[in-house]
Amino acid sequence: MKKIIDYDVYGLLPVEGGFLYIKPEVLPDGNVKGSFWGCEAQSSRNEQVTKWSYFQNKFGPAYKAIAGQVTDYISCETGFLSNNHTVVLYPDGDLGVFNSKGAAVWTGELKYNGAPVRGVAVDGKNFWSVVPELNAVICYATDEKRVQMRIGGGKSTAFLDPSAIVRYNDMLYVCSRGANKVRTISLANYAVNDYLEFDEPVNKYFLAGGKEFVLLDSGLYEL
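Taking the numbering used here, the leading residue of the sequence shown gets 3, the next gets one more, and so forth.
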């Protein structure tokens, strides 16, 4: 593994050919300001980007309208559904669904058995998320506004403190902080398997520019 970034990054956002992130900077007066950066995956070159470039990639074509309605653009995770709706989900389970014009079509709280869900891995008009408190992965159907499937949880030890989820093709990749692993779920048969294992908790896994990256407690690494 090669460490790419060893300082704290926020709002990590994979994009075509690389990823964007927010870097905290301490000002002379002691206040902290976030600056927007992008990393090109092939060269590992970092350069500053505009706030609006970050917003466009995070919230989609209607980014100006959506960004104007959210108070925290850092901690939320987003996804683009097949019906051109944008999902915005916060770590406490606060959920918003916006149409192609940026108008909110549904807002509310998404919890599973009282526990907030995290992560947005789009699957058509549905999306997959993790439930850290319950060691579970769930699929939420936006049309029906209900959880239609759960994997793990209960007495199962398939996922320990899952922190993030992403979908590539017909495979889900779930970061399990409690097990220091990235595990996969096949959408063909829902089989769960180990994929990567580390010596410390893993917070995020993603692909960019044909390369694999993981965000561990100690920094961001290229595999």
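Glycine included, each C-beta is placed from N, C-alpha and C at the ideal position.
Counting only unbroken stretches of 3 or more residues, the beta strand (DSSP E) elements lying wholly within the segment 44–122 are 47–50, 79–82, 88–91, 96–100, 106–111, in sequence order. Contact between residue 167 and residue 151 does not hold, since the beta-carbon distance rounds to 13 Å and is not under 8 Å.
In terms of Cβ geometry, residue 59 and residue 15 form a close pair [threshold 8 Å]. Judged by DSSP in its simplified three-state form, residue 203 adopts coil rather than helix or strand.
Note that the C-beta distance between residue 178 and residue 201 is not below 8 Å.
For residue 154, the closest alpha carbon among the candidates 175, 138, 134, 39 is that of 138. With a threshold of 16 other beta carbon atoms within 10 Å, residue 30 falls short and is exposed. Contact check for residue 43 against residue 213 passes: the beta carbons are separated by less than 8 Å. The Cβ atoms of residue 3 and residue 223 lie closer than 8 Å to each other. Judged by DSSP secondary structure, residue 185 falls within the beta strand (DSSP E) whose first and last residues are 183–188. No Cβ-Cβ contact shorter than 8 Å links residue 50 with residue 106. Burial check for residue 128: the Cβ neighbour count within 10 Å reaches 16 or more, so the residue is buried.
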